[in-house]
Amino acid sequence: MSDSPRVPGNPVDSLVQHATDNQVCRITLNRPEALNAITPDQRERIIALLTEASADPDIRAVVLTGTGRGFCAGADLRGGSTAGERVPGDVARTIRLGAQRLISAVLDCEKPVIAAVNGTAAGLGAHLAFACDLVLAAESAKFIEVFVRRGLVPDGGGAYLLPRLVGPQRAKELMFFGDALTAADAERLGLVNRVVPDAELDKTARDWAARLATGPTRALALTKQLVNASLDADRTTAFAAEAAAQEINMTTEDAREGVASFAERRSAEFRGR
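In case it helps, this note's numbering puts the sequence shown at residues 1 to 273.
Right under this line is the structure:
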């Protein structure tokens, strides 16, 4: 197991724990007393770690989780203030450079990202989970579109992600009422891939990540890109992107290994290249 380089004395290192083991990068939010609400420093650290994971050939999967009773309670608003004069554009700029960059970092990460939702995922925290490629949830986990409770419009890509996952009517129901959604109901709606007992969440996440880390990494990256882009593309564009991705992928070592293993009637051994 190896840790990424850290800046000595930087407190964010203890609030965003990270380690790489067997080519899986594990990112753990560690502010349990605040249900892992994200500060700006934490947000920037997560974005940096996801960017590093994309570029590091020794990382082939990512797991995002939290400590304590919360996965992530959203953005930490306690440091903000409504006092003073607000310059036009400040709010939009803050959202673009903050919450939207975080969600984009997950969506754009070139490695598969698993959310292991250990507890409450609210607001931006729920969207952080929904942006991941696969979502595992502990039985005790809850998902809350909390914005309406504060008189706010959903941010962090919520109005983009939710309709694509559950359809516009269900998305509006979740966002208009802000009711807590159990893990079982989230699975029923298609927001969660699998619900597991709390004690089995970590093991299941490790097992899934291990499988992904032994897969054809570049093919997975291209597949992720195709699926995400297809939601905004017409058929002609999607088919052209598919053909181009296949052309690119056939230049990789893993693709050649996959074809050779089929011809030789043996299991493929992918190296992520």
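C-beta atoms are modelled at their ideal positions from N, C-alpha and C, and glycine is treated no differently.
Would the segment 186-197 and the segment 225-241 be scored as touching if the rule is three or more Cβ pairs under 8 Å? Counting C-beta pairs closer than 8 Å gives fewer than three between the segment 186-197 and the segment 225-241, which falls short of the contact rule.
Cβ neighbour criterion (16 or more within 10 Å) applied to D155: Against the sequence shown, residue 155 aligns to sequence position 155. When all chains shown are included, D155 counts as buried.
If you follow the beta strand (DSSP E) that K275 is in, where does it begin and where does it stop? A query on residue 275 cannot be resolved here, the shown segment of the chain reaching from 1 to 273 and no further.
Backbone CA spacing between S267 and P216 [nearest angstrom]: To locate residue 267, count along the sequence shown from 1; it is residue 267. To locate residue 216, count along the sequence shown from 1; it is residue 216. S267 and P216 have their C-alpha atoms spaced approximately 13 Å apart.
Endpoints, beta strand (DSSP E) assigned at G66: To locate residue 66, count along the sequence shown from 1; it is residue 66. For G66, the uninterrupted beta strand (DSSP E) run begins and ends at 61-66, by DSSP.
If you draw a straight line from the C-alpha of I47 to the C-alpha of F147, how long is it? Taking the first residue of the sequence shown as position 1, residue 47 is located at position 47. Taking the first residue of the sequence shown as position 1, residue 147 is located at position 147. Answer to the nearest angstrom: the Cα atoms are 23 Å apart.
Status (buried if at least 16 other CB within 10 Å, exposed otherwise) for T82: Mapped onto the sequence shown, residue 82 falls at position 82. Its pLDDT being 46, under 50, T82 is placed unreliably by the model, and the measurement read from it follows with that caveat. Taking a 10 Å sphere around the C-beta of T82, we find fewer than 16 other C-beta atoms and assign the residue as exposed.
For D41, the nearest candidate out of L15, N22, C25 (CA to CA): If you number the sequence shown from 1, residue 41 lands on position 41. The option with the nearest alpha carbon to D41 is L15.
Per the contact definition of three or more C-beta pairs closer than 8 Å, is the segment 201-215 in contact with the segment 47-63? The segment 47-63 is in contact with the segment 201-215.
Hey, T65 and A205: beta-carbon distance below 8 Å or not? On the sequence shown, residue 65 is found 65 positions in, with the first residue counted as 1. On the sequence shown, residue 205 is found 205 positions in, with the first residue counted as 1. Less than 8 Å separates the beta-carbon of T65 from that of A205.
For L97, tell me which candidate among A219, G157, A244, I248 has the shortest Cα-Cα distance. On the sequence shown, position 97 is the one that residue 97 refers to. Considering only alpha carbons, the answer is G157.
Leaving out the 5 sequence neighbours to the left and right, which residues in its chain are closer than 6 Å to L162 when beta-carbon positions are compared? As a first step, residue 162 is located in the sequence shown; it is residue number 162 there, counting from the start. If we look at L162 and ignore the five residues flanking it on each side, its Cβ neighbours are A171.
Could you give the uninterrupted runs of the alpha helix (DSSP H) lying entirely in the segment 82-145, keeping only those of 4 residues or more? Listed in chain order, they are 90-97, 99-108, 124-130.
The beta strand (DSSP E) enclosing F270, as first and last residue numbers: In the sequence shown, the residue the question calls residue 270 occupies position 270. Counting along the chain, no beta strand (DSSP E) covers F270, and no H or E run does either.
Only counting runs of 3 or more residues, tell me where the beta strand (DSSP E) segments fall wholly within the segment 188-212, in order along the chain. Given a length threshold of 3 residues, each whole run of the beta strand (DSSP E) inside the segment 188-212 is given here in chain order: 194-196.
For a test of the three-state rule: what should DSSP assign to T39, helix, strand or coil? On the sequence shown, residue 39 is found 39 positions in, with the first residue counted as 1. When DSSP states are grouped into helix, strand and coil, T39 belongs to the coil group.
Classify N22: buried if its beta carbon has 16 or more other beta carbons within 10 angstroms, exposed otherwise. Numbered from its first residue, the sequence shown carries residue 22 at position 22. Around the beta carbon of N22, fewer than 16 other beta carbons lie within 10 angstroms, which makes this residue exposed.
Candidates K203, L29, S54: closest to R43 by CA position: Here residue 43 is taken as the residue at index 43 of the sequence shown, counted from 1. R43 has its Cα closest to that of L29, out of K203, L29, S54.
Considering only DSSP beta bridges, list what G70 is partnered with. For this step, residue 70 is matched to residue 70 along the sequence shown. DSSP, once it has assigned bridges, lists T120 as partnering G70.
What residues match up with V148 in a beta bridge as DSSP calls it? Numbered from its first residue, the sequence shown carries residue 148 at position 148. Note: V148 sits in no beta bridge, so no partner.
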